[in-house]
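Protein chains in written order, with full-length UniProt numbering: chain A, 1 to 337; chain B, 1 to 337.
Built from N, CA and C at the ideal position, the CB exists for glycine as well.
Shown next, in structure tokens, is the structure this report addresses.
There are 2 protein chains.
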Amino acid sequence: MTDTEASSTKAGSRNAGIREVARQAGVSIATVSRVFNNAEVVNSETRERIVALASSLGYEPSALGRNLVRGRSYLIGLIVPNVSFPLYGAMIHGIEDVLGRHGMSVLLASSHDAAATEVRAAQNILRHAVDGGIVINSIVGDALPTQRQLGWVHVTPEPAGLPCRVELDNEEGGRLAALELLRTGRQHFAYVGAKGRESADRERGFALTLRKMGFDYRRFEGDYSEESGMRASAELLAGPLDGVFAAGDLMAAGVLRALHARGIKIPDQVAVVGFDDAAIAPLLYPRLTSIRQPAYAMGASAAELSLNLMSGRHNAPIIFPPELVARESTGPPQASF
Amino acid sequence: MTDTEASSTKAGSRNAGIREVARQAGVSIATVSRVFNNAEVVNSETRERIVALASSLGYEPSALGRNLVRGRSYLIGLIVPNVSFPLYGAMIHGIEDVLGRHGMSVLLASSHDAAATEVRAAQNILRHAVDGGIVINSIVGDALPTQRQLGWVHVTPEPAGLPCRVELDNEEGGRLAALELLRTGRQHFAYVGAKGRESADRERGFALTLRKMGFDYRRFEGDYSEESGMRASAELLAGPLDGVFAAGDLMAAGVLRALHARGIKIPDQVAVVGFDDAAIAPLLYPRLTSIRQPAYAMGASAAELSLNLMSGRHNAPIIFPPELVARESTGPPQASF
DNA sequence: TTGTAGGCGTTATCAT
DNA sequence: ATGATAACGCCTACAA
Numbered sequence: 001m002t003d004t005e006a007s008s009t010k011a012g013s014r015n016a017g018i019r020e021v022a023r024q025a026g027v028s029i030a031t032v033s034r035v036f037n038n039a040e041v042v043n044s045e046t047r048e049r050i051v052a053l054a055s056s057l058g059y060e061p062s063a064l065g066r067n068l069v070r071g072r073s074y075l076i077g078l079i080v081p082n083v084s085f086p087l088y089g090a091m092i093h094g095i096e097d098v099l100g101r102h103g104m105s106v107l108l109a110s111s112h113d114a115a116a117t118e119v120r121a122a123q124n125i126l127r128h129a130v131d132g133g134i135v136i137n138s139i140v141g142d143a144l145p146t147q148r149q150l151g152w153v154h155v156t157p158e159p160a161g162l163p164c165r166v167e168l169d170n171e172e173g174g175r176l177a178a179l180e181l182l183r184t185g186r187q188h189f190a191y192v193g194a195k196g197r198e199s200a201d202r203e204r205g206f207a208l209t210l211r212k213m214g215f216d217y218r219r220f221e222g223d224y225s226e227e228s229g230m231r232a233s234a235e236l237l238a239g240p241l242d243g244v245f246a247a248g249d250l251m252a253a254g255v256l257r258a259l260h261a262r263g264i265k266i267p268d269q270v271a272v273v274g275f276d277d278a279a280i281a282p283l284l285y286p287r288l289t290s291i292r293q294p295a296y297a298m299g300a301s302a303a304e305l306s307l308n309l310m311s312g313r314h315n316a317p318i319i320f321p322p323e324l325v326a327r328e329s330t331g332p333p334q335a336s337f
Numbered sequence: 001m002t003d004t005e006a007s008s009t010k011a012g013s014r015n016a017g018i019r020e021v022a023r024q025a026g027v028s029i030a031t032v033s034r035v036f037n038n039a040e041v042v043n044s045e046t047r048e049r050i051v052a053l054a055s056s057l058g059y060e061p062s063a064l065g066r067n068l069v070r071g072r073s074y075l076i077g078l079i080v081p082n083v084s085f086p087l088y089g090a091m092i093h094g095i096e097d098v099l100g101r102h103g104m105s106v107l108l109a110s111s112h113d114a115a116a117t118e119v120r121a122a123q124n125i126l127r128h129a130v131d132g133g134i135v136i137n138s139i140v141g142d143a144l145p146t147q148r149q150l151g152w153v154h155v156t157p158e159p160a161g162l163p164c165r166v167e168l169d170n171e172e173g174g175r176l177a178a179l180e181l182l183r184t185g186r187q188h189f190a191y192v193g194a195k196g197r198e199s200a201d202r203e204r205g206f207a208l209t210l211r212k213m214g215f216d217y218r219r220f221e222g223d224y225s226e227e228s229g230m231r232a233s234a235e236l237l238a239g240p241l242d243g244v245f246a247a248g249d250l251m252a253a254g255v256l257r258a259l260h261a262r263g264i265k266i267p268d269q270v271a272v273v274g275f276d277d278a279a280i281a282p283l284l285y286p287r288l289t290s291i292r293q294p295a296y297a298m299g300a301s302a303a304e305l306s307l308n309l310m311s312g313r314h315n316a317p318i319i320f321p322p323e324l325v326a327r328e329s330t331g332p333p334q335a336s337f
């Protein structure tokens, strides 16, 4: 393998490097480099000549070489529990937009809600010498492997100890749900929750708001699945019920289905509020009122936090307010032709 | 900034490099390198000493340096129209699994169904010297920018000319839908489609199968949105109707909703079949029968194709068969308690 | 089994 | 405005 020969003569097998361009242009490699970095500083005539030559030779600076000398990869690692979940999709969108604006790209890995997989994803990401990292709903939290001075930005409500964090004001979400049910004149409430701090926070906001108005509520602990929502309905219907707040849209879907199966009219007899405002919410029957997480904005903020972290700056956790999206399940059906 | 001093003495600010490890271990950097590559070939005693030292120094080989000398980035670029779409999520999952098994990672970028964004995403990906690339439902097709001998693997039904491709047998999907409607004794059919080759293929399979049994059908052209599905129902109900095949689950959702609004019983009076078997299908009311794309397997195949392409091997396009997932919208409701 | 040394493709400093 | 040249961190013949 006469490697030197091949690389200098036979164009195509390996693209022309900076040396070859410099040689053919009759300048030093430094000048070529400058053309692609500080274009202004080089004589406009030689610059154009080099640009033309480079493009005819199919040359462009190698990211590999550039990364090495700059000590950066321009990559941000991103760990997501599950790419399919629409809420995460919106977050990723926000992350991509901000990062792209700063010339950085997203290295993706999924944790599939398993601690071992999450750690493996982190190691995998670290192997690529990323400049930063973002984890959505981390399971292992600050036990995530790291390297150099890389800091992970967390998008999660827990644990509270994590320094660099973006989270949703879940308690406020619970409050909004309660207000919506109160607004539509309900009196017999129920909360369909799940384990974990997210649900607990949502319930607290819900409970506080109801109590302030002199109401109590019953509760059911599910697991965010549609099926657990159906179980919840079955159990809660043993008593008086006209207002349900479910901690997730999937559970709310189950509630709707079970009420439906019993011929109960929504929202006339029972109103239902979900959480997340996932893509399914407006497709359910009836269309589901839900508490929306500003997922895009949260992703964008996480990206900015990560960018700041790279530059040594450190920011306080950012807490986002949720927003009520009122649909048919708590009010009169929208006009449908 | 006495950079050289800092890097050689003050551990921490910049992690130890291979030189430092070699120096402290009293060996050459070549030996240290071998420990992390051809571990077997180095004396087990020195190896353990080096491993211990490296870990105490927090040393691990720099991906930057390694990539440069090997001329590879171990990155595969992935362009997705929209991360949120659950079908794509499953594909990404398949891609990640296969790639991870080969020590490669996913560099993600979204096209948001816009040609300009897709091209920009490709350029962005190319800047990172990826070893390969995969595009899901590309808009610009073979006009995607490329470099070196990098070849994009397409997951898409069109254009047919693309050499490296994974696609679904849409015609077979249409056939399955027709068979299911025939099986449940329907006689007055309708197809709710959209523009593009995917829909055309699905319709062909649907039409051929019906005609073979002596049936005809009416058609409506929507745009994959729920709203267009509702319009379809409104129009189609002008004539006799008891079996609808919609080219997408969202349109099917619209069909269901419109039928519902008119008090039409599903599946008793009208049966509905969707396409994709997206996450929403089992959540609709009633649960939607749909034609499933083997998204995970398709993603996995795309990844394998890309891996092969890197090694110079070239494969023929792979065509996947869809699968019927029967639910309530075409048959008796499942037992619900 | 281990060391030597060249090179991967670029950037950036210091002269000129 | 341009050229030499020293890194960047690592891998890998080749030699010992």
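| Check | Outcome |
| --- | --- |
| So residue 50 of chain A and residue 32 of chain A are in contact, right, with Cβ under 8 angstroms, and what is the actual spacing, rounded? | 6 angstroms |
| Chain B beta carbons: is any one of them nearer than 8 angstroms to that of residue 224 of chain A? | no |
| Is it buried or exposed, residue 290 of chain B, if we count other Cβ atoms within 10 angstroms and call 16 or more buried? | buried |
| I want to see whether chain A comes within less than 8 angstroms of residue 124 of chain B, judged by CB atoms only; does it? | yes |
| Rounded to whole angstroms, how far is the Cβ of residue 180 of chain A from the Cβ of residue 273 of chain A, which I believe are closer than 8 angstroms? | 6 angstroms |
| Check the Cβ of residue 280 of chain A against every Cβ in chain B and list those closer than 8 angstroms, keeping chain order. | 279, 280, 283 |
| Hey, out of A:142, A:211, A:166, A:246, whose CA is closest to residue 219 of chain A's CA? | A:246 |
| If we count Cβ pairs, one from each stretch, closer than 8 angstroms, do we get three or more for the segment 278-296 of chain A versus the segment 136-146 of chain A? | no |
| Is there contact here, the segment 320-330 of chain A with the segment 255-270 of chain A, by at least three beta-carbon pairs under 8 angstroms? | yes |
| Report the residue from A:305, A:231, A:174 whose alpha carbon sits nearest the alpha carbon of residue 207 of chain A. | A:174 |
| Specify the secondary structure class of residue 154 of chain B as computed by DSSP and reduced to three states. | strand |
| What are the boundary residues of the beta strand (DSSP E) that includes residue 167 of chain A? | 165-168 |
| At a CB distance below 8 angstroms, what residues from the segment 204-236 of chain B approach chain A? Give them in sequence order. | 226, 230, 234 |
| Can you tell me where the beta strand (DSSP E) holding residue 105 of chain B begins and where it ends? | 105-110 |
| Where residue 54 of chain B and residue 46 of chain B are concerned, what is the direct C-alpha to C-alpha distance, given to the nearest angstrom? | 12 angstroms |
| Would you please verify whether the beta carbon of residue 338 of chain A is less than 8 angstroms from any beta carbon of chain B? | There is simply no residue 338 of chain A to check, as chain A begins at 1 and stops at 337 in what is shown. |
| Since residue 63 of chain A meets chain B, which of its residues come closer than 7 angstroms, beta carbon to beta carbon? | 127, 128, 129 |
| List the whole-angstrom C-beta distance separating residue 202 of chain A from residue 275 of chain A, where the pair is believed to meet the contact cut-off of C-beta under 8 angstroms. | 7 angstroms |
| Which two residues bound the contiguous alpha helix (DSSP H) that contains residue 56 of chain A? | 44-57 |
| Taking the beta carbon of residue 183 of chain B as the centre, do at least 16 other beta carbons fall within 10 Å, making it buried, or is it exposed? | exposed |
| Under the assumption that residue 250 of chain B contacts residue 225 of chain B (Cβ atoms under 8 angstroms), give the Cβ distance between them as a whole number of angstroms. | 6 angstroms |
| Which residue wins for smallest C-alpha separation from residue 128 of chain B, given the options B:314, B:44, B:104, B:76? | B:76 |
| I want to verify the contact list: residues of chain A whose CB lies under 8 angstroms from the CB of residue 96 of chain B, in sequence order. | 108, 109, 110 |
| So residue 150 of chain B contacts chain A; which residues on that side make the cut at Cβ distance below 9 angstroms? | The contacting residues do not exist; residue 150 of chain B stays about 11 angstroms from chain A at best. |
| When you compare the CB of residue 316 of chain B with every CB in chain A, is at least one pair closer than 8 angstroms? | no |
| Run through chain B and tell me which residues come within less than 9 angstroms of residue 100 of chain A, C-beta to C-beta. | 109, 120, 121, 124 |
| For residue 123 of chain A, which residues from the same chain have a beta carbon less than 7 angstroms from its beta carbon, with the 5 sequence-adjacent residues on both sides left out? | 145 |
| What is the DSSP secondary structure of residue 78 of chain A, counted as helix, strand or coil? | strand |
| For chain B, check one thing: does any of its Cβ atoms lie closer than 8 angstroms to the Cβ of residue 257 of chain A? | yes |
| Report the three-state DSSP secondary structure of residue 27 of chain B (helix, strand or coil). | coil |
| Give the single residue among A:200, A:130, A:228 whose Cα lies nearest to the Cα of residue 255 of chain A. | A:228 |
| Name the residue from A:306, A:221, A:261 whose alpha carbon lies nearest to the alpha carbon of residue 285 of chain B. | A:261 |
| Taking only beta carbons into account, state which residues of the UniProt domain "HTH lacI-type" (16-70) of chain B come closer than 8 angstroms to chain A, listed in chain order. | 58, 60, 62, 63, 64, 65, 67, 68 |
| Which first and last residues belong to the alpha helix (DSSP H) in which residue 202 of chain B is found? | 197-212 |
| Residue 92 of chain A touches chain B at which residues, Cβ-Cβ below 9 angstroms? | 83, 84, 108, 110 |
| Residue 89 of chain A lies in the beta strand (DSSP E); which residues open and close that run? | Run containing residue 89 of chain A: none in the beta strand (DSSP E); it sits in the alpha helix (DSSP H), 86-101. |
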